[in-house]
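Working notes for the structure below.
Shown next as structure tokens:
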């Protein structure tokens, strides 16, 4: 089976919530077209393109990732962002914070064949999307992160507890949201009001009673982003069976899949070699509350 066809057949729609976002690292050049095809196949619409510009401060004058079929030295990678469902910045402030970050990451180029992506992509996702149901697929021990459920064949341990996960994200109507403090809501950048609605303002957002967007006791509860309270769960060290790893509280979904030269990729519980495969990575979105984390969710 062709590599791009195998990626497209990942059963992402099964675990994606109706209102969700997905990020997919797709390299550059032909990878961009394949990434757009994957988004469409999985029911997402492309809405942003985050670009990683690779620097060579530590190794000037030498590009470690030269590609024989490239006309120029490729010093950037693209991460496409997809949206599913309807999310509006004017009405969904409990779920998204628009205008918080920029769409550019400047970070040192990794060594040849290194799988690491900039940690800034996590920062962008967490600042923008306020959902707790975060899933990182095809993660590794080095990418385990508080607030994320990480699954992948390269993980060496698991502390995932399905019952505890459900209790956290389903404890109330807004248990799947991180919530927001009045201070963050006041300071974060906001879109200007529509020109055809003079006098429109957002001063009632996040009022002290918590009835507005971001209220401490309002939508999302009192899990304060940016406060001194630790987000996540104290049971990070718990070890349970199963294939997966929960860093803090399980949350939204970050799917990440790397495919590079001589890649070993996953075929229905079996491994196969993909010589001369191109680099492509899948990344994150909000998932269904009934998610049962097992590799069976990635049916081929």
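Numbering (my numbering), first residue to last: 242 to 541. Beta carbons are placed, not taken as given, at the ideal position from N, Cα and C, and that holds for glycine.
Under DSSP, residue 264 shares a beta bridge with 322. The secondary-structure analysis by DSSP pairs residue 418 across a beta bridge with 372. Distances from the alpha-carbon of residue 329 to those of 416, 402, 274, 370 put 370 closest. Distance from the CA atom of residue 341 to the CA atom of residue 389, rounded to whole angstroms, is 20 Å. Counting only residues of its own chain and dropping the five nearest sequence neighbours on each side, residue 429 has a CB closer than 8 Å to the CB of 338, 340, 341.
Annotation: residue 431 is outside any beta strand (DSSP E) and is labelled neither H nor E by DSSP. Rounded to whole angstroms, the gap between the alpha carbons of residue 426 and residue 324 is 23 Å. The beta carbons of residue 374 and residue 321 sit about 21 Å from each other, so the pair does not count as a contact at 8 Å.
In this structure the region 252–261 lies against the region 272–292, because at least three pairs of beta carbons, one per stretch, are closer than 8 Å. With a threshold of 16 other beta carbon atoms within 10 Å, residue 410 meets it and is buried. Taking the C-beta atoms as reference points, residue 386 is found no nearer than 8 Å to residue 395. Of the residues 274, 291, 353, the one whose Cα lies closest to the Cα of residue 366 is 291. Here residue 343 is exposed, its C-beta having fewer than 16 other C-beta atoms within 10 Å. Taking all protein chains in view, the Cβ of residue 392 is crowded by 16 or more other Cβ atoms within 10 Å, so the residue is classified as buried. Secondary structure at residue 332: coil, using DSSP grouped into helix, strand and coil.
At the C-beta level, residue 359 and residue 293 come within 8 Å of one another. If you compare the alpha carbons of 271, 270, 266, 275 with that of residue 250, the shortest gap goes to 275.
Counting the other Cβ atoms within 10 Å of the Cβ of residue 355 gives fewer than 16, which makes it exposed.
For the pair residue 361 and residue 295, the CB atoms are not nearer than the 8 Å cut-off.
Taking C-alpha positions only, residue 348 is separated from residue 261 by approximately 27 Å. Residue 335 is classed as buried because its beta carbon has at least 16 other beta carbons within 10 Å across all chains shown.
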